[in-house]
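Colleague:
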Amino acid sequence: METLSNTTKGLIALWMIPGLGPIRIQTLWEEFGNIEAIFNTPHHRLAELLGVNSSLTSSIPQAIESKELLKELELIKKHSVYVLDFTNPAYPSVLKQIHNAPPVIYLKGSKDLESGFILSFVGSRKASFAGKNMCRKLIKRLSVIKPETVIVSGLALGIDTAAHSAALEAGLKTIAVLANGLSDIYPARNRGLASQIQHKGTVLSEFPMTTKPVAGNFPLRNRIISGLAKGVVVIEAGERSGATITAGYAIEQNRELFALPGPADSSFYKGTNRLIQRSHAKLVIEAEDILEEFEVLTAQSNKKNNGVDHQAPENLSLEEQQVLTLIKNGVTQKERLIDQSELPIQRLLAVITSLDLKGLIVTKPGATYEAVQF
């Protein structure tokens, strides 16, 4: 068990103040640059800096010596929990990039949260047998063709449990992100699973030790699930569900998004089908579909970075040339392409699909398109 630095202790103290939040804590850090200066500044000056009522900042000067902090530190030690603050080199750089990144994260198990090919798997708590089975198949196949894969999920029942269990069975590292503090495991049914995960990965939370798994914590937790990963795979999701919230975060964070299709009349797949229909997510049938997307992105990046001069294929139809030219000129949204190309919608979609298959355009979130630079 490592001894916590004064900076980490101070950031925990700030994090425990109700209403202060990650953005305000980040503002204080950027202004003062060290934890002692924050606690030594009069609270009315802190209120002016943050543009808030002084009642919010009145508890800051005493927070570093509070009974609440002392209890928190005792629990951290008792449960052998590591705490990484955003000044620690081990704090994942991908997490720093997201909106509302937590100033501290609590974890048990491995502190390495960036090595490997990290994918998040999310879906319904009341998942169908078929959905859980497909989740296991995808992860088992990933373990064969991409053994450095790391699986992130939320330790909930259903798809989360299937994802973590499949990763462990396949010998993959897995990361469980909780919506409560690490002094207890929720749901209780997954305590044994959490214990296994600690030996093959990480159990992680942004919440102070005794925090209960209240409803409002789960959407917050979901931004961490997507934030840690290169891509998010949605197995089953209702139209309004935690999994679709995670998908929304993935889009906001510019992560790749994938979804498993299902029967049109199934409530299990209404959310995933909508994500595919609206071009927010790439349709996934097998694990290779996921890896193919990253290979395409890597190839495009390499072409751009190496300045390789490739010529676009010349055997394009007039319609393909027209649509490709519009996209290159900044007409990237489907609705605008319909207006300016004057093609029937079904014909336009066929042309877009053809250009995508030929590697000339890339479909982006929000039914938008980007021309590949040659």
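Taking the working numbering, the leading residue of the sequence shown gets 162, the next gets one more, and so forth.
For each residue, glycine too, the CB sits at the ideal point set by N, CA and C.
Using three-state DSSP, classify residue 239 as helix, strand or coil.
Modeller: Residue state, collapsed to three classes: helix.
Colleague: By DSSP, does residue 414 sit in helix, in strand, or in coil?
Modeller: Residue 414: coil per DSSP, three-state reduction.
Colleague: Mark residue 321 as exposed unless 16 or more other C-beta atoms lie within 10 angstroms of its C-beta, in which case mark it buried.
Modeller: By the 10 Å Cβ count, residue 321 comes out buried.
Colleague: Please report the straight-line C-alpha distance between residue 529 and residue 495, rounded to a whole angstrom.
Modeller: The straight-line gap from Cα to Cα measures roughly 6 angstroms.
Colleague: Pull up the CB-CB distance for residue 382 and residue 277, whole angstroms please, since I reckon it's below 8 angstroms.
Modeller: About 21 angstroms separates the two Cβ atoms, so there is no contact after all.
Colleague: Starting from residue 484, trace the alpha helix (DSSP H) both ways and give me its first and last residue.
Modeller: It spans 479–489 - the alpha helix (DSSP H) in which residue 484 sits, taken as one unbroken run.
Colleague: With distances taken between CB atoms, is the gap from residue 221 to residue 178 smaller than 8 angstroms?
Modeller: For residue 221 and residue 178, yes; Cβs fall inside 8 angstroms.
Colleague: Residue 470 by DSSP, collapsed to three states: which one?
Modeller: Summary for residue 470: the model assigns pLDDT 43, below 50, so the residue's position carries little reliability; its value from the coordinates is reported in the next sentence. If DSSP states are grouped into helix, strand and coil, residue 470 belongs with coil.
Colleague: Would you check if the distance between the CB atom of residue 404 and the CB atom of residue 283 is smaller than 8 angstroms?
Modeller: Yes, the Cβ-Cβ distance between residue 404 and residue 283 is below 8 angstroms.
Colleague: Would residue 265 and residue 172 qualify as a contact pair, given that the criterion is a beta-carbon distance under 8 angstroms?
Modeller: Yes, Cβ-Cβ distance for residue 265 and residue 172 is below 8 angstroms.
Colleague: To the nearest angstrom, how far is the alpha carbon of residue 441 from that of residue 418?
Modeller: About 7 angstroms.
Colleague: As an exercise, report each continuous alpha helix (DSSP H) stretch of at least 4 residues that is fully enclosed by the segment 390–448, in chain order.
Modeller: Here the runs fully enclosed are 403–413, 431–438.
Colleague: Which whole runs of the beta strand (DSSP E) in the segment 182–262 are 3 residues long or more, in chain order?
Modeller: 243–246, all fully within the segment 182–262.
Colleague: From residue 392 to residue 203, what distance separates their C-alpha atoms?
Modeller: Residue 392 and residue 203: Cα-Cα distance of roughly 44 angstroms.
Colleague: For residue 406, which of 380, 200, 194 has the nearest alpha-carbon?
Modeller: For the residues 380, 200, 194, the minimum Cα distance to residue 406 belongs to 380.
Colleague: With the cut-off set at 8 angstroms, would you say residue 270 and residue 358 are in Cβ contact?
Modeller: The answer is yes: Cβ separation under 8 angstroms.
Colleague: Over the uninterrupted beta strand (DSSP E) stretch that includes residue 314, give me the two end residues.
Modeller: Residue 314 -> beta strand (DSSP E) spans 310–314.
Colleague: Rounded to whole angstroms, what is the Cα-Cα separation between residue 323 and residue 201?
Modeller: About 49 angstroms.
Colleague: How many angstroms separate the CA atom of residue 372 from the CA atom of residue 345?
Modeller: Those two C-alpha atoms are separated by around 9 angstroms.
Colleague: Which of helix, strand or coil does DSSP assign to residue 330?
Modeller: Three-state DSSP puts residue 330 in a helix.
Colleague: Assign residue 325 to one of two classes, buried (16 or more other C-beta atoms within 10 Å of its C-beta) or exposed (fewer than that).
Modeller: Classification for residue 325: buried.
Colleague: Inspect the beta-carbon positions of residue 384 and residue 259 and report whether they are closer than 8 angstroms.
Modeller: Yes, the Cβ-Cβ distance between residue 384 and residue 259 is below 8 angstroms.
Colleague: Residue 287 by DSSP, collapsed to three states: which one?
Modeller: Coil, per DSSP.
Colleague: Across which residues does DSSP place residue 524 in a beta bridge pair?
Modeller: Residue 524 pairs with 530.
Colleague: With burial defined as no fewer than 16 other Cβ atoms inside 10 Å of the residue's Cβ, what is the status of residue 470: buried or exposed?
Modeller: Its pLDDT being 43, under 50, residue 470 is placed unreliably by the model, and nothing is read from it.
Colleague: To the nearest angstrom, how far is it from the Cα of residue 281 to the Cα of residue 484?
Modeller: Cα to Cα, residue 281 sits roughly 34 angstroms from residue 484.
Colleague: Under a Cβ-count criterion, where at least 16 other Cβ atoms within 10 Å of its own Cβ denotes burial, should residue 434 be classed as buried or exposed?
Modeller: That one is buried.
Colleague: Please report the distance separating the alpha-carbon of residue 131 from that of residue 348.
Modeller: Absent from the model: residue 131. The displayed extent of the chain is 162 to 535, so no value can be given.
Colleague: Taking buried to mean at least 16 other C-beta atoms within 10 Å of its own C-beta, is residue 293 buried or exposed?
Modeller: Burial call: buried.
Colleague: Beta carbon of residue 245, beta carbon of residue 268: below 8 angstroms?
Modeller: Closer than 8 angstroms, so yes.
Colleague: Do residue 395 and residue 436 count as a contact pair if the criterion is CB distance below 8 angstroms?
Modeller: Result yes, Cβ atoms of residue 436 and residue 395 sit closer than 8 angstroms.
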